[in-house]
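Worksheet: one structure, shown below.
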């Protein structure tokens, strides 16, 4: 059933579930709610579940898990917006567990056969029962006819219809929030829901996850100890994803890690270094690095799985990140401030010296402290306060990276409570600074500029041809405005000629530099 009436009733059901978990109008935020919302919150707590979590983010996480896959995704996206919901709230949401009872093995086999257009026996020598199940898909262990053990991920039957119905509910809820709660407009609910919707639709095509795995496998080449399962493309389709099977221990199983005598301090360092190396050197990072998605083999190799969320950073964003981290690590706050201004993240009407002082106020108190006394979440919270004070607007991918850094720190602290995220970050940052911002990086920049210049040169003849045609039209005797336009055209031609000379000069200069 569909339509606005049924969508409204589904919205009421979702609101009831949130109320039962005291996650709709949390008691901790009563002071910021208007009077009607405060009264609604008091009434909701009369029927709230007993023994609920203290952290409002965790309460919301439990409610979203009850509501299903679309709402779990909503929570995952909210967890990336610590700048909006607060670091404490986002940390609670980061503990979302996407688990569900498996659907029948026979159903999974039918889906695989329909997607890959062959019988299970023709596709696999063995096809086992579900090894893990989540809200959108479940995983089976199988063996190919070539003897390779593989993980076969299969979308749930009917999940597409459910997702689209849930998206309709979220859109209706966002519209009502904008209309009746003006304070919510700061979060841009409609745009936020569209972000969730796009992410969900992409997750319904497992070929996109396969592409993310392939991209991260290339990025992991730069990391010292990060391994990505290889995609088996002939056995992958829109609703089926096949990768190599990993025999390893989940990082959620600390007892098994201890029993295997794996160096947990080194493992924590490897996780931090691999994450930042991929982000800085390759511009791609696994953006859902909770302990359930990370494994370690008995020989100490680090493995990552589940590539539904991949963060990507362009060159300028990577340089900004490296400069700000390097500025903090070396206590060079003027350099860190310059990175923000050069990237355009701080409006020019603010004074750079004031911003440098604000960064100093955040960073200086952490030096000389034990790692467990300066969690990155607290530092990020203070940084978000600074961003608000200086009217900053960070790119969504950088916010996603910050959220993942907090997630990585949590995993590493579980392995070894003394893990120092800042110290572990230093090698990756310093490698990038030497490679990208040193002499070698400057030469590489010149050649990148040359590629752009060559592209412009290829287009130059067509541009000149269009200018010639325009000149012929302007010379028409019946055109009264021709003299003015001819002057404009002459100026444009001079500009094009000057640009061409500049290009040629750059080419000549670069040729000398290269030799």
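In the working numbering, the protein residues as written are 450 to 964. Even for Gly, the Cβ is constructed at its ideal location relative to N, Cα and C. Note that the coordinates shown come from a computational prediction; the quantities given were computed from them, not determined experimentally.
Range of the contiguous alpha helix (DSSP H) that encloses residue i
{"i": "residue 790", "result": "782-791"}
{"i": "residue 525", "result": "518-528"}
{"i": "residue 730", "result": "Premise fails: residue 730 is in no alpha helix (DSSP H) and is neither H nor E."}
{"i": "residue 544", "result": "Here residue 544 belongs to no alpha helix (DSSP H), and DSSP marks it neither H nor E."}
{"i": "residue 637", "result": "Run containing residue 637: none; DSSP gives neither H nor E here."}
{"i": "residue 675", "result": "First-last for residue 675: undefined, no H or E at that position."}
{"i": "residue 571", "result": "569-572"}
Opening and closing residue of the beta strand (DSSP E) in which residue i lies
{"i": "residue 752", "result": "751-753"}
{"i": "residue 587", "result": "586-592"}
{"i": "residue 575", "result": "575-582"}
{"i": "residue 456", "result": "Per DSSP, residue 456 belongs to no beta strand (DSSP E); it is in the alpha helix (DSSP H), 453-469."}
{"i": "residue 604", "result": "598-604"}
{"i": "residue 690", "result": "689-693"}
{"i": "residue 745", "result": "743-745"}
Residue i burial status per 10 Å Cβ neighbour count (16 or more: buried)
{"i": "residue 678", "result": "buried"}
{"i": "residue 568", "result": "exposed"}
{"i": "residue 683", "result": "exposed"}
{"i": "residue 758", "result": "buried"}
{"i": "residue 961", "result": "Model confidence at residue 961 stands at a pLDDT of 46, short of 50, so the residue's coordinates are unreliable; what they give is reported in the following sentence. Counting Cβ neighbours within 10 Å, residue 961 comes out exposed, since fewer than 16 surround it."}
{"i": "residue 739", "result": "buried"}
{"i": "residue 714", "result": "exposed"}
{"i": "residue 868", "result": "buried"}
{"i": "residue 810", "result": "exposed"}
{"i": "residue 602", "result": "buried"}
{"i": "residue 470", "result": "buried"}
{"i": "residue 507", "result": "buried"}
{"i": "residue 570", "result": "exposed"}
Between the CA atoms of residue j and residue i - distance to the nearest angstrom
{"i": "residue 559", "j": "residue 697", "result": "29 Å"}
{"i": "residue 462", "j": "residue 650", "result": "23 Å"}
{"i": "residue 551", "j": "residue 581", "result": "7 Å"}
{"i": "residue 828", "j": "residue 859", "result": "14 Å"}
{"i": "residue 751", "j": "residue 706", "result": "12 Å"}
{"i": "residue 693", "j": "residue 744", "result": "14 Å"}
{"i": "residue 615", "j": "residue 549", "result": "17 Å"}
{"i": "residue 879", "j": "residue 704", "result": "34 Å"}
{"i": "residue 717", "j": "residue 724", "result": "11 Å"}
{"i": "residue 812", "j": "residue 857", "result": "20 Å"}
{"i": "residue 624", "j": "residue 691", "result": "39 Å"}
{"i": "residue 884", "j": "residue 779", "result": "18 Å"}
{"i": "residue 596", "j": "residue 588", "result": "19 Å"}
{"i": "residue 675", "j": "residue 866", "result": "22 Å"}
{"i": "residue 641", "j": "residue 540", "result": "19 Å"}
{"i": "residue 781", "j": "residue 773", "result": "9 Å"}
{"i": "residue 672", "j": "residue 612", "result": "36 Å"}
{"i": "residue 831", "j": "residue 842", "result": "15 Å"}
{"i": "residue 617", "j": "residue 645", "result": "12 Å"}
Residue i vs residue j beta-carbon contact at 8 Å
{"i": "residue 585", "j": "residue 652", "result": "yes"}
{"i": "residue 850", "j": "residue 762", "result": "yes"}
{"i": "residue 853", "j": "residue 732", "result": "no"}
{"i": "residue 681", "j": "residue 599", "result": "yes"}
{"i": "residue 838", "j": "residue 807", "result": "yes"}
{"i": "residue 578", "j": "residue 554", "result": "yes"}
{"i": "residue 523", "j": "residue 534", "result": "no"}
{"i": "residue 592", "j": "residue 564", "result": "no"}
{"i": "residue 727", "j": "residue 771", "result": "no"}
{"i": "residue 708", "j": "residue 741", "result": "no"}
{"i": "residue 775", "j": "residue 882", "result": "yes"}
{"i": "residue 545", "j": "residue 466", "result": "no"}
{"i": "residue 460", "j": "residue 509", "result": "no"}
{"i": "residue 655", "j": "residue 604", "result": "yes"}
{"i": "residue 791", "j": "residue 805", "result": "no"}
{"i": "residue 701", "j": "residue 870", "result": "no"}
{"i": "residue 606", "j": "residue 685", "result": "no"}
Residue i (DSSP reduced to helix, strand or coil)
{"i": "residue 994", "result": "The first residue shown for the chain is 450 and the last is 964, placing residue 994 beyond what the model contains."}
{"i": "residue 683", "result": "helix"}
{"i": "residue 868", "result": "coil"}
{"i": "residue 534", "result": "helix"}
{"i": "residue 653", "result": "coil"}
{"i": "residue 629", "result": "helix"}
{"i": "residue 963", "result": "Confidence is the limiting factor: at residue 963 the pLDDT is only 46, short of 50, which leaves the residue's position unreliable and the question unanswerable from this model."}
{"i": "residue 701", "result": "coil"}
{"i": "residue 842", "result": "coil"}
{"i": "residue 512", "result": "helix"}
{"i": "residue 718", "result": "helix"}
{"i": "residue 799", "result": "coil"}
{"i": "residue 739", "result": "coil"}
{"i": "residue 551", "result": "coil"}
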